[in-house]
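In case it helps, the UniProt record's numbering puts the sequence shown at residues 874 to 1155.
For every residue, glycine included, the Cβ atom is placed at its ideal position computed from N, Cα and C.
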Amino acid sequence: GAKTQGKNRWEIFDETRRARAVDRVAVASTLRQALRDDRFVLHFQPVIELGTGKAVAVESLVRLDDPCRGLLPPAAFIQVAEDSGLIVPIGTYVLEEACRQLAAWRASGVVPPDFRAAVNLSARQATQPDLARTVSDALSRAKLEPSALALELTETVLMDADTSTLRQFEELREMGVGLGIDDFGTGYSSLSYLKRLPVSIIKVDRSFVAGLVTDPSDREIVTAVIRLGQALGLTTIAEGVEDAQQFSMLQELGCDQAQGYLLGRPQAQPPLISTNGATLTT
Ligand code: C2E
Ligand code: MG
Ligand code: MG
Ligand code: MG
C-alpha cells in the first residue's frame, strides 16, 4: 500500500545516498594512493598572443593517471579532493611540477626564455595561510622569476576572500606573480571587487566565446569584458576558442590572448613553437 511505497522510497533514497558516500570514500582513497604513487600528471594548453600569433604561456591542467581507468580528468576528482582537503597536497604538487617543467623547457630551449605558466588554485588552497610561501618555494626551487607564474582563481574565491587571504594575494602580486580570474562572468560577483582585488588577468569564460559569432548578446558580453579589462589595465584571455571566426573576432575586439582547441589541446608535451615564435597547430 501507500505506506510501504513511502517507506521504499526512503530506502531507495538512502541507498542512493549511501552509494554516493561509498563512492566518495573510494575516490578519496584513490587520491591518497595516487599522491603516494606519484600518479598525478599535468597537461599543458598553449596560450596564444592575439597580436602576434605567438604562444606566450601554457595553462597547466591536472589529470590522474589511474592504473585501472587510465587518465582521469579533473571533473572526476577535484570536488572530492576539495571536500577531503587532499586538494592542498595535490595543488602543491601541481605548483611544483608546473614550475619544474617550465624551467626545464626554458633550459632546453623548446620555449622562449620569457615563456610563462598558469596553474589553477582551488578555494581550499587559496585560503591556506602559507599560500604565498608555498608559491615562492615552488618558484625558487625551479629558479624562476615570480612573473613566470600566474595563478587562476574563481570569482567565488575572490569574493569570499577574508583579510588575511587578501593580504596573501597582495603579497603574491607584489612579488610579480600573475593573478587571474578564471571563467569570468559565470559566478556571482559584483564588479566592484575588480577595483578592490589585486588581479592582473581576466579569463573570458568559454560559454561566451562559444556564442561570439552567432549570438549577439554573447558578442556584447565579450566586447564589454574586453573593454572592462582594457580600462582597468588587465590582460584579457579568451577561453575555448574553437574556430577561426571566433579567433579573428577576438583579434578585432582587442582581446590580448586566447586558448582553445583551435590553437592547441592540453597535452603532456610543450607546445611546438617555430623559430618565429608561431605555434604550429595541427
Ligand atoms: P579551467 O581552468 O577553466 O580550464 C579550462 C578547461 O577547458 C580545461 O578542462 C580544458 O581542457 C578545457 N578546454 C580548453 N580549450 C577548450 C575548447 O576549445 N573547448 C572546450 N570545450 N574545452 C576546452 P579540464 O582540463 O578538464 O579542466 C577542467 C577544470 O578543472 C579547469 O577549468 C579547472 O577549473 C579545474 N582544474 C584543472 N586543473 C586543476 C588543478 O591543478 N587544480 C585545481 N584546483 N583545479 C584544476
Ligand atoms: Mg583555468
Ligand atoms: Mg577557465
Ligand atoms: Mg572555463
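Near ligand 2: residue i beta-carbon under 6 Å from a heavy atom
i	result
residue 1028	no
residue 1025	yes
residue 1078	no
residue 987	no
Residue i - DSSP class collapsed to helix/strand/coil
i	result
residue 887	helix
residue 1112	coil
residue 900	helix
residue 1045	helix
residue 1142	coil
residue 893	helix
residue 1135	coil
For residue i, the nearest candidate out of the options (CA to CA)
i	options	result
residue 903	889, 890, 933, 942	942
residue 1117	1100, 1085, 1095, 1146	1085
residue 1017	920, 970, 1071	970
residue 1033	995, 1003, 1046	995
residue 1012	972, 1123, 964, 1071	972
residue 1071	1061, 1095, 1107	1107
residue 1136	1110, 1125, 1127, 1126	1110
residue 832	1006, 1123, 1075, 1144	Absent from the model: residue 832. The displayed extent of the chain is 874 to 1155, so no value can be given.
residue 954	940, 901, 1002	901
Heavy atom of ligand 3 within 6 Å of residue i beta-carbon
i	result
residue 1129	no
residue 1112	yes
residue 1003	no
residue 1068	no
Whole-angstrom distance between residue j and residue i, CA atom to CA atom
i	j	result
residue 1030	residue 1055	10 Å
residue 876	residue 891	Its pLDDT being 48, under 50, residue 876 is placed unreliably by the model, and the measurement read from it follows with that caveat. About 22 Å.
residue 915	residue 938	10 Å
residue 1146	residue 1115	20 Å
residue 822	residue 884	Any question about residue 822 goes unanswered here, given that the chain covers just 874 to 1155.
residue 961	residue 997	7 Å
Check: residue i C-beta below 6 Å from any heavy atom of ligand 1
i	result
residue 1133	yes
residue 1115	yes
7 Å Cβ cutoff, residue i in contact with chain B
i	result
residue 1146	In the structure shown, chain B does not exist; there is a single protein chain.
Inset, instruction - Examine the Cβ distances between the region 924 to 933 and the region 988 to 1006 and report whether three or more of them are shorter than 8 Å. - result: yes
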